[in-house]
Each structure stands twice: as structure tokens, then as C-alpha cells.
Amino acid sequence: MSTLKSAFLQAISERGYIHQCTDLDGLDAVFAGTPVPAYIGFDCTADSLHVGSMVPIMLLRRLQQAGHKPIVLMGGGTTKIGDPSGKDTARQMLTDADIARNMAGIRSVFEKFLSFGDGPTDAIMINNDDWLNGLSYVAFLRDYGRHFSINRMLTFDSVKLRLEREQPLSFLEFNYMILQAYDFLEINRTYGCRLQMGGSDQWGNIVNGVELARRVDGAEIFGLTAPLITTASGAKMGKTAQGAVWLNEDRLSAYDYWQFWRNTEDADVGRFLKLFTDLPMEEIRRLEALRGAEINDAKKILANEATRLCRGEAAAQEAEETARKTFEQGRSGDALPSVEVEAAALSDYAVIDAMVATGLAASKGEARRLIKQGAVKLNDAPLADTEAKLAPAQAADGQIKLSAGKKRHALVKVR
RNA sequence: GGAGGGGUGGCCGAGCGGUCAAAGGCAGCAGACUGUAAAUCUGCCGACGUAUGUCUACGUAGGUUCGAAUCCUACCCCCUCCA
19 MSTLKSAFLQ
29 AISERGYIHQ
39 CTDLDGLDAV
49 FAGTPVPAYI
59 GFDCTADSLH
69 VGSMVPIMLL
79 RRLQQAGHKP
89 IVLMGGGTTK
99 IGDPSGKDTA
109 RQMLTDADIA
119 RNMAGIRSVF
129 EKFLSFGDGP
139 TDAIMINNDD
149 WLNGLSYVAF
159 LRDYGRHFSI
169 NRMLTFDSVK
179 LRLEREQPLS
189 FLEFNYMILQ
199 AYDFLEINRT
209 YGCRLQMGGS
219 DQWGNIVNGV
229 ELARRVDGAE
239 IFGLTAPLIT
249 TASGAKMGKT
259 AQGAVWLNED
269 RLSAYDYWQF
279 WRNTEDADVG
289 RFLKLFTDLP
299 MEEIRRLEAL
309 RGAEINDAKK
319 ILANEATRLC
329 RGEAAAQEAE
339 ETARKTFEQG
349 RSGDALPSVE
359 VEAAALSDYA
369 VIDAMVATGL
379 AASKGEARRL
389 IKQGAVKLND
399 APLADTEAKL
409 APAQAADGQI
419 KLSAGKKRHA
429 LVKVR
């Protein structure tokens, strides 16, 4: 690989975003000059994106930072079909109303990471339903279907794996790649977009788009994929006890989001700093060189930076402050999950009920189990009695701190 | 349309009349060790209850039986082969 000239490719190469590219040198030449649009598609199967989409989101952010134009493609049309890539079974069909609601939620996430507008480097958001829904079947087959060979399509992983494992693949899903390829052609025509990016599982779909545009329009466009991010111990990134790590505030509190990053494995810290923060490379190199307990400082910086990008400066500071009080001083911060109780009702309030109410336990049975296992602390004092009730005397500063294990804490606030 | 196979807990997957809240694995939670890390070891892992107890659950709805995830009937869904 020769030396990269464009700021964009230099940055994403150095920070570890590049997995495959259709023509790296050609792409570099295109991006070395004036602003160029590039897009990534996101589907609308949920009303929020989660941490698993952070790499594509950050790719668009880097693109904008390097002076180019990010296009966020919402898969309003393709979501009706479902991408078979990486899935064993067809996804559930969503209604138009579901999709519209999901798109609105996802839009609010992107507004944190990109600056939208009408300028040459402002981000825009478009919806492939706008062109896919009106396609005429016969005309589409005649104009574009003839450029796809079934023989070739059967060799793509998304299709091949299903067939090899004898799992069903509907004709509907089989068409997904054709529509995604057409998206690229359409976006190239309308917006002059030269590049589609995506996760490594999108390689086949992206290549199809590049080839279709070349055959139909003679356009020279490019594809680039990012590696699938797993943790150093091999787990898929982005899952916790409560499920997915959502980017939307209303699905996951800023404190929990901060904690997710704070709990990064040692071996991942450097890689994650490069991928998920805007910190300069020199700073990252210094942080990832830390060893032993010192690497915890790097994890805090990672948590702060990642939370700041997604939830704002204030939320990041509050989460850090709460974590500092909770873990380092044994006190409690304001951002912990809490439940409010009338002072008069306090002495009748069972600890296990409080644990369920604050989310520390999913059921009373689980709460009892945690107590039996010695995991529960009340104001940092171990609690052994599964039937214990709260007492007004425990409410220092008008609140009682409950802990389930070392990491999960909550407050009972007395009114 | 015809013939066969199948739908089990978050996932995978055993069970094939009672001893089944259902083996085993994965995921998850807690404890020990640590650094809010990893690895390792130990315990837990449907709900409600102090409880040997009750309830809910093995695609859906009925039925047979003292007793059904297991047998029968109908329906829904999926797969394979044939047309």
C-alpha cells in the first residue's frame, strides 16, 4: 500500500477503521481534493442504534472532520425486506408506522455525532423508501435485473451460508442485495456520492453496488468496510446484563453508558480510544501504554470522551462524578438509579422490594438470591437477612444506598 | 396439491405418559482473587412465598388419563422431497 494522501483515509487507516477497500489508491485520489459525499446505510429495526453501530457512525464523523459530506441512508425501504447477511432466519416484518417511529429515534442519535445542513460538508439524511417504493417491477427487472447473475449471487456469503446450512432464504430476502446495490447507483446519480462504507458483513452488498453503477452508468465509485469489532476475549461488543448498549438517552442512562466504557477490558483500551474518541493519536499512544492499575485512568478518559460525544459534556461529567463518589469514596452520586419513598412508609418497605423497584434485581426471588449470596449491601454494610425492611434511621442525608454486587448501586430517596 | 420431518426456558439443544420447572452447553448474575480489567475456581440462574407450598411454562385450542412436554384430534407456522 502506498502512502495515503487524503486526510480522511490517513485518519481512518491510522485509527483502525479499514478492513477492505475496493480500490484504496483510487479512493485516496478522489478524497484528496474537494468535498466528496460518502454514505453508510442503517436499517430501522429498532428506535435506537446501539454500540454495535458506533464504528459506522464514527466513520461518518471522521469523514466530516476531514472535510467531506456524510450521507446517512436510512433503510426505510430495505427494512421492509430484511438483510439476510449474518442472520440465520428472516427478520420479522415491520409496519410503515414502526419504521417511521424507528427512523425518528435514530435521527436524534446522529444529530449528536454529525452536523446537518445544506452546506457542501454538512451531513444529510435520506431514506431509500423514497425511491425503492415507487419502483416498477418489470421496468426494474429489465433495466437492472439483467446486470445481476444468479450464479454470482449464489456465491455471496450472505446467501451461500444460508443454503449450506439448509436454512430458509426467501426470494424477498434474496432481493435485498439487488436493492442495496441499486441504492448506491441512485445515491451516486442524485448526490454524486462516490463511496459506500459499512461493516465487513456488508462487503458483498457494497461490491454489488459498485459493479452495478459501473455497468449501468460507467461510474467509478468505491466501497470500504470496517472490521467487526469484538472484545479482546472474543465476545461481540455491546452487550451487557440489561441487553444492548443503546445510544439513545431514553433507552439507557448516561451513567450506565459511561459504565459500559469504563468496564472495557485492558487489552481493548487503545483500540477503543482510537475508534470511539476524538483524542489525538499522541495522547492515545500515551494512554494505551499505561500498565497495571494505571490503565484505569485511560478507561476513565475513554468513558468520558465516549459519553461526551454521545450524551454531551454535562452528562459525561455527572456520570464520572457519580462513579467517583460511588466507587472511590463509598458515597453515592446523583446519577444512580433511584426510587422515592414516603418517610412514613419507609419502615414497611422491604429491601427486596426496593431492589426490584430500583432495577437492582429483576424479581423478588432474584433479590433474595443476591442477599443469600452475600452480594447485597445497605449503606455499604453487608446484609444477610432476606426479609429485612428499611428503617428511617438508615436514611442519612435523606437517602439510603443499596448495592447489588460491587458495581451496581441504587438509591432509595426519602420524601 | 401429495409424502415425510419439526415447533421445548434469552439462545442452542436433550427429554418422548409419572421421579420434569424440564439434562447438557452458551449467555447472564453473585462470591473468592484483583484494578469497577482479563483468566481461574465456587455458587446461582421461571414467578410468588419463611416454606416440604402455589402458580405459570414445552406452537395454539380441545380431548384421553388418577397423571401429559410426552398419547389423540383440529388448527397455525417452519423444513425436506415429489408434483
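Here the first sequence stands for residues 19 to 433, where the numbers follow this note's numbering. A virtual CB, placed ideally from N, CA and C, is assigned to each residue, including glycine.
Cα-Cα separation, residue i to residue j
i      : j      : result
Gly59  : Val127 : 14 Å
Thr340 : Ser218 : 37 Å
Ile313 : Ala379 : 31 Å
Val369 : Lys382 : 10 Å
Val69  : Ile117 : 20 Å
Phe134 : Thr97  : 23 Å
Asp114 : Ala362 : 49 Å
Leu327 : Ala411 : 41 Å
Asn223 : Ala413 : 59 Å
Gln38  : Asp286 : 21 Å
Ala108 : Leu320 : Reliability fails at Ala108, whose pLDDT of 44 lies under 50, so the model's placement of it is uncertain and the value that follows must be treated cautiously. Those two C-alpha atoms are separated by around 37 Å.
Ala324 : Asp43  : 31 Å
Ser31  : Gln198 : 26 Å
Thr376 : Pro355 : 6 Å
Ala231 : Glu129 : 30 Å
Ala259 : Ile389 : For Ala259, the predicted structure reports a pLDDT of 43, less than 50, and the residue's modelled location is therefore unreliable. The matter cannot be settled from this model.
Ser188 : Asp274 : 39 Å
Met19  : Ser71  : Here Met19 scores only 46 on pLDDT, less than 50, and its place in the model should not be relied on; the value that follows carries that caveat. Those two C-alpha atoms are separated by around 28 Å.
Leu408 : Val359 : 11 Å
Ala122 : Val263 : 19 Å
Phe131 : Glu238 : 29 Å
Thr249 : Leu364 : 43 Å
Thr344 : Glu191 : 49 Å
Where the beta strand (DSSP E) containing residue i begins and where it ends
i      : result
Tyr162 : From DSSP, Tyr162 is part of no beta strand (DSSP E); its letter is neither H nor E.
Pro436 : The structure shown has nothing for residue 436, since the chain only spans 19 to 433.
Asn145 : Ile142 to Asn145
Phe240 : Phe240 to Ala244
Ile205 : Per DSSP, Ile205 belongs to no beta strand (DSSP E); it is in the alpha helix (DSSP H), Tyr194 to Tyr209.
Ala393 : First-last for Ala393: undefined, no H or E at that position.
Gln417 : Gln417 to Ala422
Segment limits, alpha helix (DSSP H) that includes residue i
i      : result
Ala56  : No alpha helix (DSSP H) contains Ala56, which is instead part of the beta strand (DSSP E) from Pro55 to Phe60.
Asn120 : Asp114 to Phe131
Phe294 : Val287 to Phe294
Phe174 : Element bounds for Phe174: n/a, residue is neither H nor E.
Ser31  : Ala25 to Glu32
Phe134 : Neither: Phe134 is in no alpha helix (DSSP H) and is coded neither H nor E.
Glu331 : Glu331 to Ala341
Arg426 : Note, Arg426: premise wrong, no alpha helix (DSSP H); beta strand (DSSP E) at Arg426 to Val432.
Leu45  : Leu42 to Phe49
Gly216 : Gly216 -> not in any alpha helix (DSSP H); beta strand (DSSP E) instead, spanning Leu213 to Gly217.
Outcome for residue i when other beta-carbon atoms lying within 10 angstroms are tallied against a minimum of 16
i      : result
Met299 : exposed
Glu204 : buried
Lys292 : buried
Ile418 : buried
Asn151 : exposed
Leu22  : buried
Arg304 : exposed
Tyr200 : buried
Asp147 : buried
Gln110 : Any reading at Gln110 is ruled out, since the residue's pLDDT is 49, under 50, leaving its predicted position unreliable.
Ser322 : One detail in the question is off: residue 322 reads as Asn in this sequence, not Ser. Flag for Asn322 reads buried.
Asp106 : Low local confidence applies: a pLDDT of 40 at Asp106 is under 50, so the model's placement there is unreliable, and no value is given.
Val156 : exposed
Asn169 : exposed
Gln391 : exposed
Ser154 : exposed
Closer than 8 Å: residue i CB and nearest the ligand PLP heavy atom
i      : result
Glu312 : Questions concerning the ligand PLP fall outside what the structure shown contains, since it holds no ligand whatsoever.
Best match in the options for proximity to residue i [C-alpha to C-alpha]
i      : options                           : result
Gly348 : Arg426, Ser188, Tyr194 and Arg170 : Arg426
Glu283 : Arg309, Leu297 and Ala272         : Arg309
Gly210 : Ala414, Thr97, Lys87 and Phe166   : Lys87
Ala316 : Glu301, Cys328 and Leu265         : Glu301
Phe26  : Asp61, His37 and Arg79            : Arg79
Thr440 : Leu81, Ile247 and Gln277          : In the structure as shown, the chain starts at 19 and stops at 433, and residue 440 therefore has no counterpart that could be examined.
Ile124 : Ser421, Arg387 and Asn266         : Asn266
Asn226 : Leu246, Ala244 and Tyr194         : Tyr194
Arg387 : Asp398, Asn397 and Val374         : Val374
Within 9 Å, strictly: CB atoms of residue i and residue j
i      : j      : result
Gly236 : Pro74  : no
Asn145 : Ala64  : no
Val90  : Ile142 : yes
Ala422 : Ala393 : yes
Thr404 : Ala385 : yes
Glu336 : Gly351 : yes
Leu213 : Pro55  : yes
Glu346 : Trp276 : no
Ala372 : Arg329 : no
Gly34  : Asp61  : no
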